[in-house]
Amino acid sequence: MAIACSDGDNQSWVNRTTFEKYAKEQARVSPSVGSMWSAIRMNCIHYSIRPHHRFEGPWIANTSHPLLLIGNTADPVTPVTHAIDMARGFTGAVALTQDSSGHCSISTYSNCTIQYVRRYFDTGELPPVNTTCPADEMPFGPVAEEAVLVGVEVTEARERHATIAAALHGAGGGLLGSSVADGRATAGWFE
1 MAIACSDGDN QSWVNRTTFE KYAKEQARVS PSVGSMWSAI RMNCIHYSIR PHHRFEGPWI
61 ANTSHPLLLI GNTADPVTPV THAIDMARGF TGAVALTQDS SGHCSISTYS NCTIQYVRRY
121 FDTGELPPVN TTCPADEMPF GPVAEEAVLV GVEVTEARER HATIAAALHG AGGGLLGSSV
181 ADGRATAGWF E
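The opening position of the sequence shown corresponds to residue 1 in UniProt numbering, with each subsequent residue numbered one higher.
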């Protein structure tokens, strides 16, 4: 609760009517987990600890280079409409839609998305506006990737995943472990 309540707006003013309206909107926007977010907000109503420094906007900017935002069509936490709305606030930004479920674009493999992200980190090129990438794997499929991909296909899929990690690392992401640094060109979570 500490992160959700401290990062969010002060909720001490929320009354029953306001909360009910919020809960209904969450259920409309995200039928699968909207009630969970409502419960989190309810817990924050009496949370009195506030951060000393909290960024409160503006949530728009003219960045030195246009941003690439990505949203999944069935993300239970951050709806694709949020990526599209955010892109409108940043000069030249593009929201790439990935037609998949799960939270964040890496939750479901999409070679199309990986290619656009790689191109963005390598050259700064953005996908065309209104681009939608299909998913190359579906939820609730076989547990072992070998059941879907065999031999060379497994290696190629891992290498495609690793290109994203390498591009992030090369762009100064600093998020990756020793697997990129030692020349194996794979990120630990893709092995």
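Positions of the beta carbon are idealized from the N, C-alpha and C atoms, including for glycine.
Under a 10 Å Cβ-count criterion, N43 is classified as exposed, with fewer than 16 other Cβ atoms of the shown protein chains found around its own Cβ.
Inclusion of T91 and N62 in the CB contact set at 7 Å is warranted, their separation being smaller than that value. Scanning H52, Q115, R41, W59 for the CA closest to the CA of F19 turns up R41.
Residue state for G8 is assigned as coil, using DSSP reduced to three classes.
H46 has its alpha-carbon roughly 10 Å from the corresponding atom of V14. Residue environment analysis places C104 among the exposed positions, since fewer than 16 neighbouring C-beta atoms fall within 10 angstroms of its C-beta. Rounded to whole angstroms, C133 and I106 show a C-alpha spacing of 13 Å.
Around P76, the same chain offers S30, S32, V33, H103 as residues with beta carbons nearer than 7 Å, after the five sequence neighbours per side are excluded. For G71, the uninterrupted beta strand (DSSP E) run begins and ends at 68-74, by DSSP.
Annotated three-state conformation of S105 is helix, per DSSP.
Taking the Cβ atoms as the reference, R118 lies roughly 10 Å from E125, outside the contact range of under 8 Å. Going by beta carbons, Y109 and P127 fall outside the 7 Å limit. Residue pairing by DSSP puts P134 in a beta bridge opposite D99. Comparing C-alpha distances from I70 to each of G8, Y22, S35, N130 shows the shortest one belongs to N130. A Cβ-Cβ contact shorter than 7 Å links P51 with S6. Fully contained in the stretch 12-39 are the following alpha helix (DSSP H) runs of length 4 or more, in chain order: 16-29. Per DSSP, the beta bridge partners of V94 are L68.
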